Structure formats: C-alpha cells, structure tokens
Ligand code: RP5
C-alpha cells in the first residue's frame, strides 16, 4: 500500500478495502500535487475493527491532523474512526454496490449528533483531498497560497474553454 510518510503525515487516508483503491487514486494525486505528505492504509471497521480502533485512537498523538475515510456499502468506517478521535474526519462514499453508492453516502453523511463526519460526493476523491488541504491551510500560509493559485488556474481553464466555444460558434 502506498505510504508517503515523511515521519510527519498530516493526512491519513484509510480505505475500507483494496477494492476502493482505484476510486481513491485522485485523492492521492491531489495530495501529491499540493506536496502534502500522507499515509494510506487498508483497514476495515467490520473486518479489522481492532486495527481501526488502535489507529484512530493514536492518530492525533502520531501527528495526523485530518483523516479521510473511504468506504462503500454500509460505510461505517468514517463514523467508527470519528468515534475514536477528535480529529476531523472526512468521509468519502464509494460507489461499490448495486445501490450506486447511495447506501455509502447515507451511511457516512447521516451521523447521529455528537460525532460528525464531513462528507464529500459519491466517489468525490479529489474533493476529499482538497477539503483536507483547506483544513491544513488554516494554519499554513504556503498551502493557502497554493489553494488560491489552484482556484485561479481552474478559473482560467474554464474561461479558455468558453473562449474556444465562442470561436467555434462564430464559424
Ligand atoms: C466496504 O465494503 C469497502 O469500503 C468496500 O467499498 C466495500 C466492499 O468491500 P470488498 O468486499 O470489495 O472488500 O467495507
């Protein structure tokens, strides 16, 4: 499993299964693009509950600052992690079932009061990373500047496409 640990990994990405890996790759790519060190592990709330409990309970003292939990079906991974730590947890619902991921989404987003899990879109892998980066950027000006530059590049990309469309329509 991919591990970009430099000793201090502010972001930990937990996958409920190896079968989630392809969907989570844009999350890894985005964290790499911003130069944010991360660690990634496959752990399951129902298949390896002890490992998840141990990881989540010690994550804060180990230097993790935000946790991304990717899971599908009855996706209790994020909530289970959040129950063991006060670090912010971002849930990434994976479209891995016959229900098109709606089961994953609702399992993650509908946390009972007291234990929040911030939830991105079904298969919203890149946004999970961006949200984690935004949290880190609250106390990291360099990262905040990178986010601003990224937004600017995105804006310019859309404007360029619009200009191309206008040219096409004029033909
Ligand atoms: C969840 O169940 C995983 O996150 C995965 O999305 C889904 C199916 O897991 P596998 O049966 O493919 O291992 O725990």
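In my numbering, the protein residues as written are 49 to 219. Note that the Cβ used here is the ideal one computed from N, Cα and C, for glycine as well. Values in this document were obtained by computation on a predicted structure and should not be read as measured data.
Would you kindly work out how many angstroms separate the C-alpha atoms of residue i and residue j, rounded to a whole number?
i           : j           : result
residue 112 : residue 199 : 26 Å
residue 146 : residue 177 : 26 Å
residue 68  : residue 144 : 8 Å
residue 184 : residue 117 : 17 Å
residue 164 : residue 127 : 8 Å
residue 132 : residue 209 : 46 Å
residue 140 : residue 217 : 39 Å
residue 53  : residue 148 : Caution applies to residue 53, whose pLDDT of 44 falls short of 50 and renders its modelled position unreliable; the value that the coordinates give is listed next. Whole-angstrom Cα-Cα distance: 33 Å.
residue 70  : residue 110 : 27 Å
residue 51  : residue 213 : Any reading at residue 51 must be qualified, since the residue scores a pLDDT of 42, below 50, and its modelled position is unreliable; no value is offered.
residue 150 : residue 94  : 20 Å
residue 65  : residue 192 : 32 Å
residue 142 : residue 121 : 8 Å
residue 89  : residue 98  : 14 Å
Sort out for me which residues DSSP pairs residue i with in a bridge.
i           : result
residue 89  : 62
residue 167 : 139
Residue i: buried (16+ other C-beta within 10 angstroms of its C-beta) or exposed?
i           : result
residue 83  : exposed
residue 168 : buried
residue 130 : buried
residue 91  : buried
residue 105 : exposed
residue 202 : exposed
residue 186 : exposed
Using CA atoms only, rank isn't needed, just tell me which of the options is closest to residue i.
i           : options               : result
residue 81  : 214, 195, 213 and 212 : 195
residue 76  : 174, 201 and 179      : 174
residue 137 : 56, 201, 96 and 179   : 179
residue 58  : 86, 161, 215 and 171  : 86
Examine chain B for any beta-carbon lying closer than 9 Å to the beta-carbon of residue i, and answer yes or no.
i          : result
residue 73 : Chain labels in this structure do not include chain B; a single protein chain is all it has.
May I have a chain-ordered list of the beta strand (DSSP E) segments no shorter than 3 residues that lie completely inside the segment 113 to 152?
114 to 120 and 137 to 142
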